[in-house]
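Reading through the structure tokens given below for one structure.
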Amino acid sequence: MDHSLWGGRFSAPTADDMRQFNDSFRVDQRLAEADVAGSIAWAGALAQAGLISADERDMLVQGLTMVRAEFASGRFVAQPGDEDIHTAVERRLHELVGEVALKLHTGRSRNDQVATDFRLFCIGAARVIRERLLGLQEALVEQADEHTAVLMPGYTHLQRAQPISFGHWCLAYVEMFERDRARLKDATARIRTLPLGAGALAGNSLGVERETLTEALDEFDSVATNSLDAVADRDFVAELLFAFSLIGIHLSRLAEDVILYSSAEFGFVSLDDAYSTGSSLMPQKKNPDSMELLRGKSGRLTGNLVTMLTVLKGLPLTYNKDMQEDKEPLFDSFDTLELGLRVAAAAIATMKPRPERMAAALDDGMLATDLADELVRRGVPFREAHGKVGRLVRRAEELNLSLRDLPLAEYQAIQPELDESIYELFDFERSVARKNSLGGTAPQQVLRQIDHWHEVWSEET
Ligand code: ARG
């Protein structure tokens, strides 16, 4: 028997190349679980509308459950005519339960079906990525907790700027990833709108109640209110791909810092062997490949977003086959991030900071702002203080001395009442401890941030 879902009006078979071009089973078989869940709910709605009997519904549900088990265990055997996941499930259902399977598609189209399936998949994907993000955040908080008092240079323009706590650096990334988790949560709220029952585009005329479907499919909390938009909308895919891309961008920034910091020139951290690789030629090399791949994969994550946006651009209402191209980019981005985030979490958790190298990279120039602040405390307007300390820095450069080694006379030349106590400012720890404003780098604030994160996550359900 021909299991094609649409063969009736055709007199010639699809060309082989066209079939290969059109078939999407290889990709969309990942929707098997979602497709079965959607069909079980649909069978229930058909029975409720009196379109099939309770017995027929039970047979369908039983058969669908068997199909689900076949997919889950890897026993499902695809056939040449399995155009897509929807065709394959229905074909197998027919083999398992017979004629009653022919009633399942009553009032339904693959257009509302695939939109439903894909939404279900995306809800799960967002949930998994949120969990993986949390894993990475926990690794960063753990590092922060252990190294709150470890000092390193903070940079702007990649030039040494002011001393900071290494823990503070870790927690900056926790902030980014928390925004990512929030973004996924927001996006998920919009994915939870159910297209099923919208039919091919115009709605169903057989009296199937759409509201009750959200009870059977509890990942959904509302039904799409315009049937045309219900089958044409793929905003949720674009949104998720954007959220995934931005996670990729954040990972690439973290990776870049770690790549720099693990170089011999910086030497601030050392990556574990398990997350590094060697060179086939140079025996001494240990390369931060985990981080380089994280940085590199941000390219494909952004590429997948651009793919989806480009597919959607200019598409007329409603469903168009172009939209079948929505799944590969999403699956690819999901898989890339799912594994990438696990690697990132483990690489960060096992990374060893090297406090002595960080300390060696601190120089007195990084306390110039502290000097200016001290002048401010003595009543000098900041703009003037900035200029005075600037002149001191220039003097130190001329004399080839560090600020700390400049004779007192030089200090008194810019501010006559200064005395020896000015040299007490040259203390990195005290400098950092003074940055005690909310969100600052003082260890006290870093500890406060760590407490904050523990609290936020313990309140999450
Ligand atoms: N495989 C298709 C997709 O992913 C399912 C929907 C097909 N609908 C249609 N009218 N041909 O988009």
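Be aware that the sequence shown starts at 338, since it is given in the working numbering, and climbs by one per residue. The beta carbon of each residue, even a glycine, is placed where N, CA and C say it ideally should be.
Residue i Cβ short of 7 angstroms to the ligand ARG heavy atom set
i, result
"ASP421", "yes"
"GLN385", "no"
"GLN357", "no"
"SER564", "no"
"GLN447", "The sequence given here has Arg at residue 447, not Gln. Yes, the beta carbon of ARG447 sits closer than 7 angstroms to at least one heavy atom of the ligand ARG."
"SER376", "no"
"THR365", "The residue asked about is misnamed: residue 365 is Asp in this sequence, not Thr. Under cutoff, so the answer is yes."
"MET660", "yes"
"VAL426", "no"
"ASP341", "The question names Asp, but residue 341 is Ser in the sequence shown. No; taking the cut-off as 7 angstroms, the Cβ of SER341 has no heavy atom of the ligand ARG nearer than that."
"SER600", "no"
"VAL648", "no"
"VAL373", "no"
"SER616", "no"
"TYR492", "no"
"SER589", "no"
"SER361", "yes"
Where residue i falls, given that 16 or more other Cβ within 10 Å makes a residue buried
i, result
"MET338", "A caution first: MET338 carries a pLDDT of 49, below 50, which makes its placement in the model unreliable, though a value can still be read off. When all chains shown are included, MET338 counts as exposed."
"MET619", "exposed"
"THR647", "exposed"
"PHE573", "buried"
"GLU792", "exposed"
"LYS772", "buried"
"MET355", "exposed"
"VAL414", "exposed"
"GLY504", "buried"
"PRO625", "buried"
"ARG728", "exposed"
"LEU654", "exposed"
"GLY387", "exposed"
"ARG679", "exposed"
"GLY316", "With the chain covering only 338 through 798, there is no way to say anything about residue 316."
Nearest neighbour of residue i, chosen from the options [CA to CA]
i, options, result
"PHE671", "LYS623, GLY461, GLN474", "GLY461"
"LEU638", "ASP360, ILE389, SER582", "SER582"
"ALA509", "PRO690, VAL783, PHE408", "VAL783"
"ASN641", "ILE528, LEU745, THR402, GLU576", "GLU576"
"THR644", "GLU665, MET628, TYR656", "GLU665"
"ALA378", "LYS634, TRP794, GLU546, VAL713", "GLU546"
"ASP764", "ASP419, SER627, ARG356, LEU708", "LEU708"
"GLU479", "SER795, LYS622, GLU797, TRP790", "TRP790"
"PRO718", "GLU757, PHE347, GLN752", "GLN752"
"ARG715", "LEU473, ASP756, ARG518, LEU383", "ASP756"
"TRP794", "ALA519, PRO417, ALA750", "ALA519"
"ARG632", "GLU796, ILE596, ASP669", "ILE596"
"VAL588", "LEU676, LEU736, LYS689", "Going by the sequence as given, residue 588 is Leu instead of Val. If we check each option's Cα against that of LEU588, LEU676 comes out closest."
"LEU740", "ILE787, CYS507, LEU762", "LEU762"
"MET396", "ALA452, LEU678, GLY381", "GLY381"
"CYS459", "ILE787, ASP669, ASP392", "ASP669"
"LEU521", "PRO350, ARG731, VAL465, LYS622", "VAL465"
Extent of the continuous beta strand (DSSP E) to which residue i belongs
i, result
"SER599", "Element bounds for SER599: n/a, residue is neither H nor E."
"ARG497", "496 to 502"
"MET396", "First-last for MET396: 391 to 410, but that is the alpha helix (DSSP H), not the beta strand (DSSP E)."
"TYR748", "It is not in any beta strand (DSSP E) - TYR748 instead sits in the alpha helix (DSSP H) that spans 745 to 751."
"GLY491", "488 to 493"
Residues near residue i in its chain [Cβ-Cβ closer than 8 angstroms; skip 5 each side]
i, result
"VAL769", "LEU488, PRO500, ILE501, SER502, THR778, ALA779, PRO780"
"ALA698", "MET489, PRO490, ARG497, PHE603, PHE605"
"THR402", "VAL373, ILE377"
"ARG527", "ASP572, PHE573, GLU576"
Residue range of the unbroken alpha helix (DSSP H) whose run includes residue i
i, result
"PHE647", "Note on identity: in this sequence residue 647 is Thr, with Phe being the wrong assignment. Its alpha helix (DSSP H) spans residues 626 to 649."
"PRO653", "Where PRO653 is concerned, there is no enclosing alpha helix (DSSP H), given that its DSSP letter is neither H nor E."
"GLY461", "447 to 483"
"GLN782", "780 to 795"
"PRO666", "664 to 687"
"GLY724", "719 to 736"
"VAL713", "705 to 714"
"SER768", "765 to 771"
"HIS431", "422 to 434"
"MET838", "This structure leaves residue 838 out entirely; the chain is present only between 338 and 798."
"ASP701", "No alpha helix (DSSP H) holds ASP701; DSSP gives it neither H nor E."
Contact set for residue i: own chain, Cβ-Cβ below 6 angstroms, skip 5 residues either direction
i, result
"VAL426", "ASP372, VAL404"
"GLY540", "SER564"
"PHE557", "ARG529, LEU531, THR551"
"ILE586", "SER635"
"VAL713", "PHE719, ALA722"
"ILE759", "TYR748"
"SER361", "ASP421, GLN661"
Own chain, CB closer than 7 angstroms to residue i, minus 5 neighbours either side, in chain order
i, result
"GLY400", "LEU430, LEU433, VAL434, ALA438"
"MET703", "PRO490, ARG497, ALA498, GLN499, PRO500"
"GLN385", "GLU546, THR549"
"PHE514", "LEU470, LEU473, GLN474, HIS587"
Contact test: residue i Cβ vs the ligand HEM heavy atom, cutoff 7 angstroms
i, result
"VAL574", "As for the ligand HEM, it is missing from this structure, which binds only the ligand ARG."
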